[in-house]
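Worksheet: the structure to be examined is printed underneath.
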Amino acid sequence: MSIKDDMVVQFNYTLRDEKGEVIESNEGRDPIAYLHGHDNMMPGIEDAINGKSVGDKFTVTPPAADTYGERQEGAEQRVSVKHLVGAKVWKPGMAAVVQTEQGQRQVTILKVGKFMATVDVNHPLAGRELTFDIEIVAAREASDEEIAHGHAHGAGGHHH
């Protein structure tokens, strides 16, 4: 069965940097599940999966704009230290999570004072040439409820 819109796809992945070193992987854990064609996955990954079948293994290096985005120079903001999540003591270069109107966002600490921190709001992997090793492990037609909700339900997907 060829993967197309309105299917729930489950896959395993390994993400590698420009030198081929592993950045992250879900090896040994549950596969990632998403609803294909509903903007639930990075465009570069979804495009690469489109038309593939269960059991396919492949490697793709999408452009940065289709993964974590291009780096935006000067994308700095001042944030109250109390809004930073991930550590008790902050130092430049550390990654933190902040809650925004669009949900959680990972930022990088540039400068930190007693009450305020200057953060880089670019994703830490923005602008990088990243390679994904992907294995499609399952695919099925999405339920009407999943399509209505705009996301996959069940293992690896969203739980209500």
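For the sequence shown, our numbering assigns the number 4 to the initial residue and increments by one for each residue that follows. Don't be surprised by glycine CBs; every beta carbon is placed ideally from N, CA and C. Remember, predicted model here, so these are calculated numbers, not experimental data.
Three-state secondary structure (DSSP) at residue i?
i: I51; result: One detail in the question is off: residue 51 reads as Ala in this sequence, not Ile. The answer is helix: DSSP assigns A51 an H, G or I state.
i: H152; result: helix
i: K114; result: strand
i: D147; result: helix
i: D123; result: strand
i: A78; result: coil
i: V84; result: helix
Between the alpha carbons of residue i and residue j, how many angstroms are there, rounded?
i: I112; j: T103; result: 16 Å
i: A98; j: R108; result: 10 Å
i: G58; j: A51; result: 14 Å
i: I150; j: T134; result: 29 Å
i: E76; j: M4; result: 43 Å
i: G54; j: G106; result: 31 Å
i: V124; j: I26; result: 20 Å
i: R81; j: K91; result: 18 Å
i: D33; j: Q13; result: 9 Å
Taking the CB atoms as reference points, tell me whether residue i and residue j lie closer together than 7 Å.
i: T64; j: D136; result: no
i: V140; j: N29; result: no
i: Y37; j: M44; result: yes
i: R74; j: A120; result: no
i: R131; j: V11; result: no
i: K60; j: E138; result: yes
i: G157; j: H41; result: no
i: V101; j: H86; result: yes
i: D8; j: A145; result: no
Rounded to the nearest angstrom, how far is the Cβ of residue i from that of residue j, given a contact under 8 Å?
i: H126; j: G89; result: Wrong, their Cβ atoms sit about 15 Å apart, outside the cutoff.
i: P95; j: V110; result: Contact doesn't hold; Cβ gap of about 12 Å is too wide.
i: G47; j: D20; result: About 15 Å; that fails the 8 Å criterion.
Every unbroken alpha helix (DSSP H) inside the segment 9-55 [4 residues or more]: 46-52
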